[in-house]
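Numbering (the numbering used here), first residue to last: 8 to 340.
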C-alpha cells in the first residue's frame, strides 16, 4: 500500500510539473513576442494599445487552455470509460496512447479491468456451478421422493376404486386426477430444474422439448431451425446455451405476448462459433432496464467466453443472440 501511495504521489507531482511547464512555455512565447514586437505602451494606455494587449492576453489564455486540455484529454476519456464500464459486457478498454503519468494511469486501469473481469467470471462460474448442483440435487429428490410418493398414491387410489362402492367412484376419480396432475407438475419442475433430455439426447433434442412446452403453454407458433453441422460442444457450453434459451423463452412468455417465435441454432461463418438466436414479434423491451433474468443470461455467457446481444427484431419484438466462439471451448479443454 505504501509503494502504491508513493507511486501515486510521484504521478501527481509529475502531472503538476507537466502543466506548469506548459504554462511556462506559453508565457515565455508571449514574452518573446512582446520583447521583439515594435509595439509600445503609452502612459496612460491608449485605447488602441489596450485592445492589442487584451488580444494578446486572450491568445495566451486560449493557447494555454488548448495545450492543457490536450494533456488531460486521456483522463477525460478514462472518466467516460469508468462511467460506462459494465463487467457483464467485457472488452471495454482505453487505448494506451501517450506517455508519462497519464499513460500509466490508463495502463493501470486497463490491467485492473482485466483482473476484475477474470475474477468476476471465476466467481460467477463457481456460483452457477453450485446452483446447477443444487438444481440437480433438488430435481433428484423431487423425482425419487415426491414423484415416487405420488405414484404410490395413484396406485393405492386405483386399488381402492376397484373395491369402493359405486357412489364413491366420482370422488375417487377426482382424487386420482388431482394426484395425476400433481405428478405431472412435479415432473415438469424436475425437467426445468435439470433437463435430463440434455444429458441423454443432446442439445437439439433438449431445445426441441423446451420449444414444444413453450408452444403448448403460450399457444405461440414456434419456428425452429437447427443446423445439422454443429461443431462438437462440451457439456458446459450446451448447458449455457440451453439455460439462455430457457430464460429467453420465459421472458417471451411473461412479457412479450408474442404470437410467433423464431429459434435458430447454427455455426457461424467459417465454423468460428455457434450462434443461438431467439426472435419474437411481441412488445419488445421498449427501452426498459435489463432485469435479473437478462443479467443472469449475460453471466452465463461469460462462463464460456460468449457474447450476448439483445436488440429489436424485424417484427418489432426482441431479438436475442448468443454467440459462442469455438476457441473458448478449446481454451478450457
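Glycine is no exception: its CB is placed at the ideal position from the N, C-alpha and C atoms.
Task: As assigned by DSSP and simplified to three states, the class of residue 242 - done: helix
Task: Euclidean distance between Cα positions of residue 117 and residue 76 - done: 22 angstroms
TODO: Drop a sphere of 10 angstroms on the beta-carbon of residue 304, count the other beta-carbons inside from all chains shown, and report buried for 16 or more, exposed for fewer.
DONE: buried
- [ ] Report all residues from its chain with a CB closer than 7 angstroms to the CB of residue 126; omit the five preceding and five following residues, and keep chain order.
- [x] none
- [ ] Tell me where the alpha helix (DSSP H) around residue 306 begins and ends.
- [x] 299-310
Task: Local conformation of residue 332 per DSSP, three classes - done: strand
Task: Of the listed residues 328, 165, 248, 225, nearest to residue 180 (C-alpha basis) - done: 165
TODO: Would you mind working out which of 188, 233, 145, 160 sits nearest residue 201, comparing C-alpha positions?
DONE: 145
Open item on the list: Looking at chain B, is there any beta carbon in it that lies within less than 8 angstroms of the beta carbon of residue 308?
Closed with: Absent here is chain B; the protein component of the structure consists of one chain.
Task: Contact check, residue 231 vs residue 218, beta carbons under 8 angstroms - done: yes
- [ ] List the residues that DSSP assigns as beta-bridge partners of residue 267.
- [x] 228
Task: the region 265-277 in contact with the region 285-293 per 3-pair CB rule at 8 angstroms - done: yes
- [ ] Please look up how many angstroms separate the CB atoms of residue 161 and residue 195, rounded, as I've assumed it's under 8 angstroms.
- [x] About 17 angstroms separates the Cβ atoms of residue 161 and residue 195, ruling out a contact at the 8 angstroms cut-off.
TODO: Indicate whether residue 250 and residue 307 have their beta-carbon atoms separated by less than 8 angstroms.
DONE: yes
Task: Cutoff 6 angstroms; reference residue 337; Cβ partners in own chain excluding five residues on either side - done: The pLDDT assigned to residue 337 is 47, lower than 50, so where the model puts this residue is not dependable, and the model offers no usable value.
- [ ] Please determine, among 140, 214, 281, 71, the residue with the shortest C-alpha to C-alpha distance to residue 36.
- [x] Checking every option, the nearest Cα to that of residue 36 belongs to 71.
Task: Span of the beta strand (DSSP E), counted from its first residue to its last, around residue 318 - done: 314-319
Task: Exposed unless 16 or more other CB atoms sit within 10 angstroms - verdict on residue 148 - done: exposed
Task: Burial state of residue 316 (16 or more Cβ within 10 Å) - done: exposed
Open item on the list: Just to confirm, is the Cβ distance from residue 274 to residue 237 under 8 angstroms?
Closed with: yes
Task: Assigned exposure category for residue 90 - 16 Cβ within 10 Å defines buried - done: exposed
Task: Residue span of the beta strand (DSSP E) that contains residue 286, given as start and end - done: 280-287
- [ ] Note down the Cα distance separating residue 340 from residue 216, rounded to an integer number of angstroms.
- [x] For residue 340, the predicted model reports a pLDDT of 46, less than 50, meaning its position is unreliable; a value from the coordinates is still stated below. Roughly 29 angstroms separates the two Cα atoms.
- [ ] Return the bridge partner residues of residue 204 from the DSSP annotation.
- [x] Looking at the DSSP assignment, residue 204 forms no beta bridge with any residue, so it has no partner.
Open item on the list: In whole angstroms, give me the CA-to-CA distance for residue 123 and residue 114.
Closed with: 14 angstroms
- [ ] Identify every residue that forms a DSSP beta bridge with residue 233.
- [x] 272
Open item on the list: On a Cα-Cα basis, can you pick out the residue from 159, 210, 53, 204 that is closest to residue 190?
Closed with: 159
Open item on the list: Taking 8 angstroms as the threshold (C-beta atoms), are residue 324 and residue 263 in contact?
Closed with: yes
Open item on the list: In whole angstroms, give me the CA-to-CA distance for residue 277 and residue 132.
Closed with: 29 angstroms
Task: Spatial distance of residue 254 from residue 119 (CA atoms) - done: 31 angstroms
TODO: Mark residue 10 as exposed unless 16 or more other C-beta atoms lie within 10 angstroms of its C-beta, in which case mark it buried.
DONE: Here the model assigns residue 10 a pLDDT of 49, short of 50, so the residue's position is not dependable, and the following value carries that caveat. Exposed, by the Cβ-count rule.
Task: Outcome for residue 245 when other beta-carbon atoms lying within 10 angstroms are tallied against a minimum of 16 - done: buried
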